[in-house]
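Read through the structure below, which is laid out as structure tokens, and then see the notes.
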Amino acid sequence: MKSITFNSPQEYTQAAFNRVAELVSQHGQCALDNFVPAFSTEQCLEHLALVASEMAYDYSLIDVHADLYKKTNAELKEEMGDC
Numbered sequence: 001m002k003s004i005t006f007n008s009p010q011e012y013t014q015a016a017f018n019r020v021a022e023l024v025s026q027h028g029q030c031a032l033d034n035f036v037p038a039f040s041t042e043q044c045l046e047h048l049a050l051v052a053s054e055m056a057y058d059y060s061l062i063d064v065h066a067d068l069y070k071k072t073n074a075e076l077k078e079e080m081g082d083c
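Per my numbering: the sequence shown = residues 1 to 83.
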């Protein structure tokens with residue numbers, strides 16, 4: 001197994017935030033693949049970005065994932081109407 005080394009605790013935490021965002025996004029993808037909005041995924045990613053921001057970490061990668069879900073969920077909701 002490949003060993004990953006971090007130069008500081010901050011670098012480790014930043015990598016952890018990014019990895020969690022990636023995992024949450026992957027988990028919600030199956031809903032989108034079935035044309036079902038993934039609102040909980042969107043909310044989770046937005047909250048993760050908020051926490052990262054409040055702790056002074058870079059949340060730009062998390063925001064990329066959150067924006068994708070926000071836009072896709074809005075499109076799916078619009079297409080579904082009042083279903």
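C-beta: ideal position from N, C-alpha, C; glycine also.
Span of the alpha helix (DSSP H) holding residue i?
i, result
"Ala74", "Ser60 to Met80"
"Tyr12", "Pro9 to Asp33"
"Thr41", "Phe39 to Glu54"
Can you tell which of the options has the C-alpha that lies nearest to the C-alpha of residue i?
i, options, result
"Asp67", "Ile4, Leu48, Met1 and Gly81", "Leu48"
"Glu11", "His27, Ala74, Asp33 and Ala52", "Ala52"
One question on the structure: do residue i and residue j come within less than 8 Å of each other, judged by their Cβ atoms?
i, j, result
"His65", "Leu45", "yes"
"Lys94", "Glu42", "Nothing about residue 94 can be reported from this structure: the residues present for the chain run from 1 to 83 only."
Should the stretch 16 to 23 be regarded as contacting the stretch 59 to 74, the criterion being three or more beta carbon pairs within less than 8 Å? yes
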